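Asker: Quick one: the structure is below, and I'll ask about it shortly.
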Amino acid sequence: MILPTSLNSTSYSFIDKLKAVDYFLLIIVAIIGSMSIFSIYSTENGNFSFYTKNHLTRFLVFFSMFLVLSFVRVSFWYRQANIFYILGILLLLIVIFFGISASGSKRWINLFIMNLQPSELMKIAIIVCFARYYHRIHSSDIQSYKYLLQPIILLLIPCYLVIIQPDLGTAILIAGSGLAIIWLAGLNLKYFIYSGLILLVSLPFVISILKPYQKLRILTFFNPDRDPLGAGYQIIQSKIAIGSGGLLGKGFLQGTQSYLEFLPEKHTDFIFTLFSEEFGFVGSMVLILLYALLIYRIIRIGFSSRSFFAKLYCFGFASALFLYIFVNIAMVVGLLPIVGAPLPIMSYGGSSMLSIMLGLGIVMSCKIYSRDPIGN
Amino acid sequence: MIKKIGNLNKNKIISRRLFVLVAAKIGLIGVVTSRLYNLQISEKQKYEVLSDKNRIREWKTPPQRGIITDYFNNVIADNQRVYQVHLSLEEVSNFNNSIFKLKNIISLNEDEIKKIYEKKEISKPWDTLVISENLSWKEFSKLNLYLHELDGAKPVLSTSRYYPYSNDLVHVVGYVGDATNQDIQNKKKIEENFVPGLKVGKIGIENSKDADLIGNHGTKRYEVNASGKKISEISYNKETQGENLRTTIDLEIQQLAQDLLKNKAGSICVMDIFTGEVITMASSPTFDPNKFTHGISTKDWNEIKNNKLRPLLNKSLAGLYSPGSTIKPLVALAALEYGIIDTKFKVNCKGHDHPYELYGERYHCWKKNGHGWMSMRNAIKQSCDIYFYEVARLLGVDKLSLIAKRYGLGSKVLEGFFSEEKKGIVPSTKWKKQVLEQSWYIGETVITGIGQGYIQTTPLQLCLMTAQLANGGFKIKPNLIYDKEIDLDVIKSKIESEKNKSVTQNILKDHEFKYYERLYRNPNNLNLVLDAMYGSTNEQFGTSFRSRHKEDKYKFAGKTGTSQVKRITDQDRELDLDLEEIEYKNRDHALFIAFAPYDKPRYSLSVLIEHGGSGSKAAAPIANKLIKKILDRHELREKIRKDLKNIA
């Protein structure tokens, strides 16, 4: 059944490829990227130093990588999906044995030029892997238990490896991305309802195995004022920063909550807070709109793709991206507990930037090679 | 074909499923947007306030106390530049280490170090601790030399209270010290302006006029970061200095008075008999108020506290003494006013062999051989006790008490201006019934007539009594702080019109008198008493004859008094010991009251020497020196009075 790729693929001229690039998407990414550089610059109180330099370099390097990856055939990702997944699992295992720790969790591998966080790569790997899986199976098999069991196991392994790091936030995002694809593939609604009910029933059990600091975060979420200087500090200060920004914000480099260091984790998880303090409601809406446009473009690419793999990947990645953004913003405005999830592109952090650009690269390749049929 | 259909089917499903997801995403974006709207638009103000609360911190800056001067504008309570070292706690990496280093540079003893640690306990992490309030120049320059080794230590130029005439005015001006919790609770002005290290008045004018003297604290608003470090100053609402006060005291007379009391325990009070201005209020022994400003050492405190002559007691208004014979002019006046006797009334004083007898009790005159037949003028002049035993018996204690109270005994002269002022006792039958729950004995009336027994007065009360006799019998308002409302010319014209007012019989009954109202029934009665006091000082056989001034312009009238500390027994009378032979604590208190100049009275004074012996020997000579000084400075004082009136 498996045919040589060369026979199956359509040939494209270089000009065709350039024409096929979604420049609108590129521009949106570039705009969000620049906004993120200015925001990181603001976290350093207007000094062009360590974080800003690092962030700028990473953005430029990974954005270039995104452009290069765009020209890799989408069928490559289809073929290498399992390898990608296995590689992700291997890296997660390496973390367990050789990982480096920071603030109580072991998440990173020292690659000398940067610290790689494999769980971030796993976010993309799981989408690619699942897209391939559902591309290959027949629509009538989707509802069968036999075909459901495999993706569930594939999903539980990385989730478990990430939870024990411990990194609840990333695990939830990985699980969320995986479930989004299973949903898109067409698994019957009743399964989702059943598993939802099971989760609800097992909630007390889940809570009992949570780490004390995780329990504290959840308690704090429901009532931040119970410990305003301890566990509730982050969310209280974040809400103060956002609220005091008002309609138009305090102005670039004028965010007092940030430059007076009231805001914790301001270059990573709370970058939206800083942005929102300085640019207000209007600025926040602009940023959300840009993200919405980005997601819209990705979905559009999915629609225009011929292969089911590409479609599923694009829709899945778009959903995952939305999930990352939503979880982060909902967290900093106090709608969700603080679980530790970066804001795509905006947050400082190499692995997160790498995984988003990798994900976008595959999306762009879906666009350029949209006419490629992918056989199974 | 089958695969194609399958894929078509899958494509259909995926589109449907995507549609559901997108719908959910739009819903969630709506949730986030409404949350942002809620935070940034609806509750903006709440969060703006919280943000400002975060970033703005206020520091209070201490106010400077007002300056206190005497009547002639000599500064008697000043603010002096002092060198201090403060420790900014947020900049200190190791507190113990810093204190250890500081200890080696500036001399800190164990006591002081203990206090610093106590202060640190109650400080906030961003507070500044005053390590030493008053460094010598040498220590201060040494500190500056080693400053680079002391993180958080700051040399500070500050001001603190300084009393240039240290010991001479402590009972009038008082002293300052750190505000205690009680001070903060009791006085609103202190509570409002409290700053760590704020000094407040503890006694004297510093305490009574604290509300005026303190001033208002300033406020510095700083932007701070999350760890409390100051980033920039936002605003500075400058502190204001307290009001300056002018007292009625004449520094030179006060200093002379303190000098005259040196090595004695006693009091001197001088008053203007019209304006009621307290010109001098000296009390001895004294102590140095400057020692209290930066916290007194235990050794110094014990020295003051354990001194047998009680320097902490302001004897002028909190020391209680039997007035002795200084009450006699008042007894005579009362008897005349009530018409009990006339001026021709005579009593025979026959000496110790024939004492005054009443129901078996014997009462002696101080003069062993007796005075012979005594008229009222002579009895006052020579201070005959027998005469006053008889007059008091005829008068009765209740009438005497009424007149004594009218002229200023038995109530607080400065009306509570000083919390420690005592009102003394003017006994009456009613008083004894109420307080001691006993009946009055006639014998007690007899000894009250010579100022012994239950009667207790302060030297300031005797001074006021003398003033109100000498000014012709008018009630005055004693005061210690210059008050532009009190105008000499106005007072004099009020008195003039009072003199011509017809008087009803009511004046002999107990009632409240207004200021500058006349207190007497018949001016002749008062004049006779004043004339007798003149005789006492200026005529032979007068008890203070030896202390008189021969020069007309210094001529004064007075009355001596000797207040018994202990009942005189027959044996004492037999022995008739010299002063030096009696144990100090058993010696009589010496008293003297006077007014001057005699022809045109203007000032009254009282002198008290604790255990000084007889009034004529111990107290009257002091008055002699004082009166010269007071009258010499009269012109100068009147000039200042005129200047002050013109300014107003």
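Chains as they are written, first to last, in my numbering: chain Y, 1 to 376; chain P, 1 to 648.
Every residue gets a Cβ at the ideal spot worked out from N, C-alpha and C, and that includes glycine.
From a predicted model like this one, the values you see are computed outputs, not experimental measurements.
Quick check on R310 (chain P) - is its C-beta less than 8 Å from some C-beta in chain Y?
Answerer: No, R310 (chain P) does not count as interfacial toward chain Y.
Asker: Kindly give me the distance between the Cβ atoms of D259 (chain P) and S166 (chain P), rounded to whole angstroms, as I take these residues to be in contact under 8 Å.
Answerer: With 8 Å as the limit, D259 (chain P) and S166 (chain P) do not qualify as a contact, their Cβ atoms being about 14 Å apart.
Asker: Among the candidates Y:Y213, Y:I298, Y:Y78 and Y:F272, whose CA atom is the shortest distance from the CA of P373 (chain Y)?
Answerer: Cα-wise, what sits closest to P373 (chain Y) is Y:Y78.
Asker: Please give the ranges of any alpha helix (DSSP H) in the region 302-373 of chain Y, keeping only runs that are unbroken, at least 4 residues long and fully inside the region.
Answerer: Here the runs fully enclosed are 308-332 and 350-368.
Asker: Just tell me which of P:A623, P:I495, P:G204 and P:S235 has its CA closest to the CA of V172 (chain P).
Answerer: Checking every option, the nearest Cα to that of V172 (chain P) belongs to P:G204.
Asker: State the DSSP-derived secondary structure class of Q254 (chain Y), mapped to helix, strand or coil.
Answerer: The answer is coil: DSSP assigns Q254 (chain Y) none of H, G, I, E or B.
Asker: Is it a yes or a no for the region 145-159 of chain P touching the region 41-59 of chain P, going by three-plus beta-carbon pairs under 8 Å?
Answerer: Touching, no, given that fewer than three Cβ pairs across the two stretches are closer than 8 Å.
Asker: Just how far apart, CA to CA, sit L18 (chain Y) and L67 (chain Y)?
Answerer: Cα to Cα, L18 (chain Y) sits roughly 11 Å from L67 (chain Y).
Asker: Could you tell me the boundaries of the beta strand (DSSP E) in which H86 (chain P) lies?
Answerer: Note, H86 (chain P): beta strand (DSSP E), V75 to S88.
Asker: Counting only beta-carbon atoms, is S347 (chain Y) nearer than 8 Å to chain P?
Answerer: Judged by the 8 Å Cβ criterion, S347 (chain Y) is not in contact with chain P.
Asker: Would N186 (chain P) pass as an interface residue toward chain Y - the criterion being a Cβ-Cβ separation below 8 Å?
Answerer: By this cut-off, N186 (chain P) is not an interface position.
Asker: In whole angstroms, what separates the C-alpha of N479 (chain P) from that of E277 (chain P)?
Answerer: Each residue's alpha carbon lies about 5 Å from the other.
Asker: Could you tell me whether the Cβ atoms of S177 (chain Y) and I126 (chain Y) are closer together than 8 Å?
Answerer: Taking 8 Å as the Cβ cut-off, S177 (chain Y) and I126 (chain Y) qualify as a contacting pair.
Asker: Residues of the region 316-328 of chain Y with a CB closer than 7 Å to any CB of chain P: list them in chain order, please.
Answerer: Against chain P - using a Cβ distance shorter than 7 Å - the residues of the region 316-328 of chain Y are S319, F322 and F326.
Asker: Rounded to a whole number of angstroms, what is the C-alpha to C-alpha distance between N672 (chain P) and H549 (chain P)?
Answerer: Residue 672 (chain P) lies beyond the range of chain P shown here (1 to 648); nothing can be said about it.
Asker: Is there a C-beta anywhere in chain Y that falls below 8 Å from the one on S51 (chain P)?
Answerer: Cβ-Cβ to chain Y under 8 Å: yes for S51 (chain P).
Asker: Should K311 (chain Y) be flagged as near chain P, meaning a C-beta pair shorter than 8 Å?
Answerer: Interface residue, yes.
Asker: Quick check on this structure: which residue in Y:L248, Y:L260, Y:S355 and Y:Q214 has the alpha carbon closest to the alpha carbon of Y37 (chain P)?
Answerer: The shortest C-alpha separation from Y37 (chain P) is found at Y:L248.
Asker: If we define contact as Cβ-Cβ less than 8 Å, is Y222 (chain P) a contact residue for chain Y?
Answerer: No, because no Cβ of chain Y sits closer than 8 Å to the Cβ of Y222 (chain P).
Asker: What is the DSSP secondary structure of I273 (chain P), counted as helix, strand or coil?
Answerer: Reduced to three states, the DSSP call for I273 (chain P) is coil.
Asker: Considering only residues of the same chain and omitting the five flanking positions on each side of A619 (chain P), which have a CB-CB separation below 6 Å?
Answerer: Only A590, L591, F592, V607 and I609 meet the Cβ criterion.
Asker: Go through its chain and collect everything with a Cβ distance to S13 (chain Y)'s Cβ below 7 Å, but skip five positions before and after it.
Answerer: Closer than 7 Å at Cβ, skipping near neighbours: no residue.
Asker: Could you confirm whether any beta carbon from chain C is found closer than 8 Å to the beta carbon of I234 (chain P)?
Answerer: Of the protein chains in this structure, namely Y and P, none is chain C.
Asker: Quick check on the burial criterion: 16 or more other C-beta atoms within 10 angstroms. Buried or exposed for A24 (chain P)?
Answerer: Per the 10 Å Cβ criterion, exposed.
Asker: Give me, in chain order, the residues of the same chain whose beta-carbon lies closer than 6 Å to that of G324 (chain P); leave out the 5 immediate sequence neighbours on both sides.
Answerer: Answer for G324 (chain P): G451, G561, T562, S563 and L591, listed in chain order.
Asker: Using a Cβ-Cβ distance under 8 Å, would R35 (chain P) count as near chain Y?
Answerer: Chain Y, which has a Cβ nearer than 8 Å to the Cβ of R35 (chain P), makes this yes.
Asker: Cβ-heavy atom distance between L644 (chain P) and the ligand ATP below 7 Å?
Answerer: Only the bare structure without any ligand can be found here, which leaves the ligand ATP out of the picture.
Asker: Using DSSP's beta-bridge definition, name the partner residues of F474 (chain P).
Answerer: Bridge partners of F474 (chain P): P:R518.
Asker: Within its chain, find whatever has a CB closer than 8 Å to the CB of P164 (chain P); leave out the 5 residues flanking it on each side and keep chain order.
Answerer: Here the set comprises V75, I76 and D78.
Asker: Could you tell me which of P:E243, P:V20 and P:S235 sits nearest to T69 (chain P), measuring between CA atoms?
Answerer: Residue P:E243 is the option with its Cα nearest to T69 (chain P).
Asker: Going by beta carbon distance, what residues of the same chain come within less than 7 Å of G99 (chain Y), once the five residues before and after it are set aside?
Answerer: The residues are K106, R107, W108 and I109.
Asker: Please list, in chain order, all residues of the same chain as T268 (chain Y) whose beta carbon is under 7 Å from its beta carbon, the five residues on each side excluded.
Answerer: Here the set comprises P342, S347, Y348 and G349.
Asker: Please state whether DSSP places K430 (chain P) in a helix, a strand or coil.
Answerer: Here K430 (chain P) sits in helix by DSSP.
Asker: Note the first and the last residue of the continuous alpha helix (DSSP H) segment covering S536 (chain P).
Answerer: That run of the alpha helix (DSSP H) goes P523 to N538.
Asker: Buried or exposed: which applies to I403 (chain P), given that a residue is buried once 16 or more other Cβ atoms fall within 10 Å of its Cβ?
Answerer: By the 10 Å Cβ count, I403 (chain P) comes out buried.
Asker: Who are the neighbours of E48 (chain P) on chain Y, taking C-beta pairs under 8 Å?
Answerer: Within chain Y, the residues near E48 (chain P) are G243, S244 and G246.
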